[in-house]
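K.L.:
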Amino acid sequence: MNANIAALLRSAADRHPDTTALVVGEDRYSWTELDRAVDAFAAGCLRRGIRAGERVALLLGNSYEFVVAYLGTVRAGLVAVPLNPAYTAPEVALMLRDCGARLLLVQEATARVGSAAADALPGCELVDVSFAWEGLLDRDAVLAETETSPETLALLLFTAGTSGRPKGAMLTHGALRANVEDLLSLTDPPAVADDDVVLLVLPLFHVYGLNTALALSVAAGATIVLTDRFDPVESLALIARHRVTTVAGVPGMYRAWCAVPGVGEAMATVRLLSSGAAPLPVRTYEQFAELTGLRIYEGYGMTETAPVVSTTLVSGAPKPGSVGRPLPGVEVRLVEEGVDGAEDVDDGDPGEVWIRGRSVFAGYWPDGAGGPDADGWFHSGDVAYADEDGDLHLVDRRREVILVNGFNVYPREIEQVIDDVPGVGEVAVVGVPDDVTGEAVVALVVPKVGATVAPDVVLAHCAQRLARFKCPSIVRVVPELPHSATGKIAKGRLREVYGDVAYGE
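See below:
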């Protein structure tokens, strides 16, 4: 069997050739049209001399071009590297150099950043799809479909690490397909079916939107309504207009919809709602259910697991505060370090989540470091406990890494940027709970002796050098920070020293 993730599109085109596959604005594309465009893009990449295993970076928002470029890249045996369009030029340049991209696709909104970043990597061709899309396609070529093994690398997704440097998580065709197949095996209720209409507003550069929403919908043959930005009023209008039946979302979307009059009427055709990327507040779950009569299924996952580990869809019973049970093809252990090494926790106790299964990544680019251990277990760093029903409840996220709207933010990168502000002597960046974004970024700054530091200056400095979601929401100037015996800032003692006010609460 061809394990290529893009083979799911070929299958959908064979089953439903004339059915609408993708809706973008006023444009509609059938499964056959989409499949042919993906063939043309794949052939165009090969015509350019890009060879199997080489990288194609996508600095694009949600669009028809993104969908075709992603699926065409992997169909050609190349490796897709989706990048956040909000990244600055230095951030993009770092990732381009790291992965050695041969081609960088930009659009009008990202062309300036992409051009500056591509200059840092000789040999990386830059193409603006807003003006040169047809030049990327080879519509006359007959693309010979080759067998792709499950172990072939399909996707590099840069994620955060506590080292302060992004790392490319290597996801194979087999891992991506395994997660899709595990989700398709859920039937009560089904995660998605061929008669569903799916609202896809999640960013496609994120694994949640890319695999759990896009690839899953393609595998099922469902119609995808794609939009580039989330607006609570406009998205509800799309749901009503296209009679959407399935929505993949994040907590902030549901919270925003709760504030829109008539949300229940707009969602009259919706049968299934899911939430992921950040913990869903119980009060948001309850308020949304009261307004719409619809309950939200919540899940847990990460980039390194392609992404879904668990979901309340497994039991078919949404449970406020729970992320459900592991998918059928995923094993989970809750582990603590004991006297004799790692051991499973007692029932009901919290432990680090260890994950094993076909959907686990192959480690970090380029040599697989940080991947599963010798027995196949990936140590997530997340902490959870299982209740009496076997449903998981997250206790804490990875140590120090901040989760903003589902995107990992590493404090060290922000601290390095703030260190360059004149007058800053020391800084600690931490995450605090936030009902809208899951977590918010807070910077505690100590001025140098005799110097003053204005929070507005720090915020402006960060805005010029960091993507918006990484920038602190709050900057507080404090006289000192607690330290360990070795001189390291003791972040665990910040609340003890300054109280809740230090965290902006």
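If you want the numbering used here, it's the position in the sequence shown, counting the first as 1, plus 1163.
All residues carry an ideal CB built from backbone N, CA and C; glycine is no exception.
Report the three-state DSSP secondary structure of R1260 (helix, strand or coil).
P.N.:
Note: R1260 maps to helix in three-state DSSP.
K.L.:
Check each candidate in G1487, Y1548, S1473, E1499 and name the one with the smallest Cα separation from D1510.
P.N.:
The candidate whose alpha carbon is nearest that of D1510 is Y1548.
K.L.:
Less than 8 Å between the C-beta atoms of G1487 and D1554, yes or no?
P.N.:
Yes. Within cutoff.
K.L.:
How long is the line joining the alpha carbons of Y1371 and V1410, rounded to whole angstroms?
P.N.:
When rounded, the distance between both Cα atoms is 12 Å.
K.L.:
With distances taken between CB atoms, is the gap from L1222 to P1248 smaller than 8 Å?
P.N.:
In contact: L1222 and P1248 (Cβ atoms closer than 8 Å).
K.L.:
According to DSSP, is P1366 helix, strand or coil?
P.N.:
If DSSP states are grouped into helix, strand and coil, P1366 belongs with coil.
K.L.:
Can you have a look at T1649 and say buried or exposed, based on whether 16 or more other CB atoms are within 10 angstroms of its CB?
P.N.:
Bear in mind that the predicted position of T1649 carries a pLDDT of just 41, short of 50, making it too unreliable to give a figure here.
K.L.:
Determine the contact status of A1203 and A1317, defining contact as a CB-CB distance below 8 Å.
P.N.:
No, they are not a contact pair.
K.L.:
For Y1460, which residues of its own chain have a beta-carbon under 8 Å away from its beta-carbon, when the five flanking residues on both sides are left out?
P.N.:
Within the same chain, Y1460 has close Cβ partners L1435, L1436, S1437, S1438, T1474, T1475, L1476, P1481, G1487.
K.L.:
Note down, in chain order, each residue of its chain lying with its Cβ closer than 8 Å to the Cβ of S1478, except the 5 sequence neighbours on either side.
P.N.:
If we look at S1478 and ignore the five residues flanking it on each side, its Cβ neighbours are G1487, R1488, D1552, D1554.
K.L.:
Between D1301 and R1210, is the Cβ-Cβ spacing less than 8 Å?
P.N.:
It is a contact, given that the beta carbons lie within the stated cut-off.
K.L.:
Mind checking who M1333 pairs with in its DSSP beta bridge?
P.N.:
For M1333, which the question treats as bridged, DSSP gives the partners L1319.
K.L.:
Distance, Cα to Cα, G1235 vs A1505?
P.N.:
Cα to Cα, G1235 sits roughly 43 Å from A1505.
K.L.:
Could you name each continuous alpha helix (DSSP H) segment of 4 residues or more that falls completely within the segment 1369–1410, going from the start of the chain to the end?
P.N.:
Fully enclosed alpha helix (DSSP H) runs of 4 or longer: 1379–1383, 1395–1405.
K.L.:
From the DSSP output, read off the bridge partner residues of P1489.
P.N.:
BP columns for P1489 point to S1473.
K.L.:
By Cβ distance below 6 Å, which residues in the same chain neighbour T1390 in space, the five residues on each side in sequence not counted?
P.N.:
Once the five neighbours on either side are set aside, the close Cβ partners of T1390 are V1364.
K.L.:
What span of residues does the alpha helix (DSSP H) with Y1463 cover, start to end?
P.N.:
That residue, Y1463, is in no alpha helix (DSSP H); its beta strand (DSSP E) goes 1459–1464.
K.L.:
Based on the DSSP secondary-structure assignment, which residues constitute the bridge partners of G1520?
P.N.:
V1493, per the DSSP bridge assignment.
K.L.:
Under the three-state reduction of DSSP, which class applies to L1221: helix, strand or coil?
P.N.:
L1221 falls in the strand class under three-state DSSP.
K.L.:
Apart from the five residues on each side of it in sequence, which residues of its chain come closer than 8 Å, Cβ to Cβ, to D1177?
P.N.:
Same-chain partners within the cutoff: there are none.
K.L.:
Any idea what DSSP makes of S1193, helix, strand or coil?
P.N.:
Strand, per DSSP.
K.L.:
Among residues of its own chain, excluding the 5 on either side of E1566, which ones have a beta-carbon nearer than 8 Å to its beta-carbon?
P.N.:
With the sequence shown as reference, residue 1566 is identified as Leu, and Glu is not the correct amino acid for it. Excluding residues within five positions, the ones whose Cβ falls inside 8 Å are A1440, A1441, R1560, V1572, G1594, G1601, E1602.
K.L.:
Express the C-alpha separation of L1257 and A1283 in angstroms, rounding to a whole number.
P.N.:
Their Cα atoms are separated by approximately 9 Å.
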